[in-house]
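Residue numbers (the working numbering): 3 to 105.
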């Protein structure tokens with residue numbers, strides 16, 4: 003590789019799911035602004051422990067070494083977008099979300 007190509011390759015990250023876009027530090031996604039908190043429930047009869055929820059919202063879901071899924075049933079509102087994504091991505095649709103009442 004020539005010098006300029008080697009420098010560019012060092013700064014390039016490969017995302018197997020598509021191109022990644024870097025946002026300026028002060029830019030927040032629209033869905034992260036004023037989102038209500040949600041209550042999380044997982045149906046253990048449907049959950050097959052694929053851990054996709056953990057990949058999408060690691061602050062909320064944790065597949066422990068003992069093979070049990072642990073999760074925060076009332077995560078902070080800041081985690082709502084990630085929790086919604088985890089529920090959407092669950093192949094077994096075992097995650098149910100209900101909106102928390104505003105106080």
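For every residue, glycine included, the Cβ atom is placed at its ideal position computed from N, Cα and C.
Close-in-space but distant-in-sequence residues of the same chain around residue i (CB under 7 Å, 5 per side omitted)
i	result
residue 96	44, 45, 48, 49
residue 58	84, 87, 88, 91
residue 36	none
residue 60	none
residue 94	48, 49, 50
Pairwise C-alpha distance: residue j and residue i
i	j	result
residue 64	residue 73	6 Å
residue 38	residue 100	10 Å
residue 53	residue 98	15 Å
residue 29	residue 71	Model confidence at residue 29 stands at a pLDDT of 46, short of 50, so the residue's coordinates are unreliable and nothing is read from them.
residue 102	residue 66	27 Å
Contact set for residue i: own chain, Cβ-Cβ below 8 Å, skip 5 residues either direction
i	result
residue 62	42, 55, 73, 74, 77, 81, 84, 85, 88
residue 69	51
For residue i: DSSP bridge partner residues
i	result
residue 72	64
residue 100	41
Cβ-based neighbour list, residue i, same chain, cut-off 6 Å, excluding 5 preceding and 5 following
i	result
residue 79	37, 39
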